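Read in order, the letters of the sequence shown are residues -25 to -1, 1 to 427 in mature numbering (1 follows the signal peptide of the UniProt record, and there is no 0). All residues carry an ideal CB built from backbone N, CA and C; glycine is no exception. Just so we're clear, the structure is a prediction, and the values are computed from it rather than from any experiment.
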Amino acid sequence: MNRTLSLIVATLSALALAGCSGGFAGDKSGEAPSSAVSSAVSGATSANSETSGTTAPNNKNAELADAYAKVLDNPGAFDFIKPNYFTPAGTYSYFITEVTGDDSPELLLRADVKDYYAPVTVFSKPNGGELFNTREVLLTGAGSAGGGRADVFAAQSGIGLYQADYQSIDTEIPLQKYVIRDRKIVPEGGKALVRISSVTSGDRKKIDWTPVSDRAPLEQLRNGSGQKAAAAPGPQTAVIKNCGKSGENAVFTATSATSCGFANAVATAVRAKGNAGQQFSIDAASPVTGQQYSLNCSVNGNETVCEGGNNAKVVVRPAGPGDDVASAYAHTYEGVVVVKSAIEVSPNGQTPNGEGPENEYIVLELSSPQDVSGPRANIPSITRSVSQIGLGAKEISEYGARDETGPWRPYVGKRIKLHINNDFYFQSDASLPMGMPRVSNKNADYSVEVVE
């Protein structure tokens, strides 16, 4: 049986996680509220919600810990959305982490379940403000039928939470970042598709739930040892390309003359310098020519900018959401996915083999030309600057039909980042699409990140 479960976010419509089929779909149960609002809870406690008689330490977290203690004393007194097929276990769990970046950690409260998905609401008490919790929830758990899964991850940066919804057999899972805005849980940015093996890398970290009867994490907060928000970054240098990670830092090129290979060599040299002060110089070699270049580096806020060599400019800064996605792959190409006809991907508007109008070609139109390398016939590798990449084709001919567009159709009309290793090839015959490199769908190692 196909069950659906509502995931309520700060919109007027509900989203659903499918227990068997996975993914999100519109909720048709009629059980979701018509609007999403948050609950002010500063006075919503039960008669037995007194905290212990111990004197709290004199620190700014003591008041916060007292407020959260009242929540944990009677968690059932607070209002938040319960999903379809909610089967409460009668217990609650919690996790304390920074979500809003204001150095006042939030309390995540999970209503435990016997089966299916458990809702997670966020309690927050801004500095000088009143305690509230979100009416909207995120979800954790597994469907009782099929392989549907949902999980929530905290942010190392102290800003936001991550919701994952996927199937148990998936090797890649979609992640959506959510933030707290106007006392509501709202999505920020598009979904990123990441390997399940790297889901807790980069900005994401695993949540270790604690029963409300165990107050050890709460006492850590009271004693001032809770998670701190990340320091606010200063103005950031404009960058061109994400080149992945070097250690715990993300590496970017800031001029078109800089290759990712050289940028990573620079980042390695920066790491070797350690704490070298606000101004320092490094030497780095081109991985292509082997030539050594000198660069001058400066530290500005949380980033290091190195300039020199042959008009090279490299930016190194703490890794954030999505940087770990790029780091697993050699190249990143950004553009819009479109469907084209045979005429549109043929030279001079004439099809080479009489391809018919029913043929379709899914193409990534790049935001700007980029170099792509790959084999062509007996040539091991050629490099061309291209503005389009062939992703998949659906062709019907007298020899039969083939369709390799399936993996790409969900992205048609969307701007994506294609993170990929060297899995391209150039055609050596008169097949379509002409002139552009193609992704080897059978063997390609890639990940797709939806930008918008």
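Neighbourhood of residue i by C-beta distance below 8 Å, restricted to the same chain and skipping five residues each side
i: S415; result: D398, F399, Y400
i: Q254; result: N271, C272, S273, V274
i: E223; result: P293, A294
i: E330; result: A317, S321, E370, S372, L407
i: G252; result: V274
i: E243; result: For the record, residue 243 in the displayed sequence is Thr; it is not Glu. Excluding positions up to five away in sequence, the list reads S221, A259.
Buried/exposed call for residue i, threshold 16 Cβ in 10 Å
i: A352; result: exposed
i: P50; result: buried
i: K3; result: For K3, the predicted model reports a pLDDT of 27, less than 50, meaning its position is unreliable and no value from the coordinates is stated.
i: N36; result: buried
i: P355; result: exposed
i: E319; result: exposed
i: R413; result: buried
i: I171; result: exposed
i: I391; result: buried
i: A93; result: buried
i: G177; result: buried
i: A225; result: buried
i: A376; result: exposed
Distance, residue j Cα to residue i Cα
i: L270; j: V313; result: 41 Å
i: G219; j: E424; result: 14 Å
i: T96; j: I134; result: 16 Å
i: H394; j: D48; result: 47 Å
i: V46; j: S68; result: 11 Å
i: I257; j: G349; result: 33 Å
i: P293; j: N277; result: 7 Å
i: I357; j: G118; result: 48 Å
i: A207; j: G295; result: Interpretation of A207 is limited by its pLDDT of 43, a score under 50 that renders its predicted location unreliable; the figure taken from the coordinates is listed afterwards. If you take the alpha carbons of A207 and G295, they lie about 13 Å apart.
i: D346; j: S231; result: 11 Å
i: A240; j: A259; result: 6 Å
i: P63; j: G122; result: 21 Å
i: D87; j: Y153; result: 21 Å
i: L114; j: G410; result: 46 Å
i: D420; j: K57; result: 39 Å
i: S188; j: A44; result: 10 Å
i: Y60; j: Y386; result: 31 Å
i: R179; j: F70; result: 15 Å
i: D378; j: S342; result: 26 Å
i: F98; j: Q267; result: 54 Å
i: Q131; j: Y137; result: 11 Å
i: V214; j: F237; result: 15 Å
i: W184; j: S173; result: 20 Å
i: R85; j: A191; result: 17 Å
i: K389; j: D404; result: 30 Å
i: F55; j: V426; result: 30 Å
i: E335; j: A167; result: 26 Å
i: N250; j: G104; result: 39 Å
7 Å Cβ shell around residue i - same chain, five flanking residues per side excluded
i: K216; result: F227, T228, C235, T307
i: K181; result: F128, T175
i: N102; result: D77, S79
i: V169; result: E147, I148, L150, V300, S422
i: T72; result: P80, E81, L83, A129, Q202
i: P186; result: T66, S68
i: T212; result: A229, E278, V280, V290
i: G164; result: K152
i: K248; result: F255, I257
i: G116; result: V88, Y91, Y92, A93, A125
i: T233; result: A287, K288, V289
Beta-carbon contacts of residue i that lie in its chain and below 6 Å, excluding the five residues immediately before and after
i: K100; result: L39, A42, L106
i: S360; result: P344, D346
i: T279; result: V245, C272, V291
i: I337; result: V314, L366, G367, T380, W383
i: Q363; result: V338, E340, M411
i: N396; result: Y304, A305, D420
i: S261; result: F237
i: Q402; result: none
Residue i at chain C interface by Cβ criterion, 8 Å
i: D157; result: Note that chain C does not occur in the displayed structure, where there is just one protein chain.
Inter-residue CB distance, residue i and residue j (contact presumed, cutoff 8 Å)
i: E340; j: G310; result: 5 Å
i: T75; j: I144; result: In fact, because the Cβ distance is near 35 Å, the residues do not count as touching under 8 Å.
**Prompt:** Between the segment 99 to 115 and the segment 143 to 159, do three or more beta carbon pairs fall short of 8 Å?
**Reply:** yes
**Request:** Say whether the segment 316 to 327 touches the segment 191 to 200, bearing in mind that this needs 3 or more beta-carbon pairs closer than 8 Å, one atom from each stretch.
**Result:** no
**Request:** Tell me, please, whether the segment 368 to 381 touches the segment 280 to 293 by the rule of three or more beta-carbon pairs shorter than 8 Å.
**Result:** no
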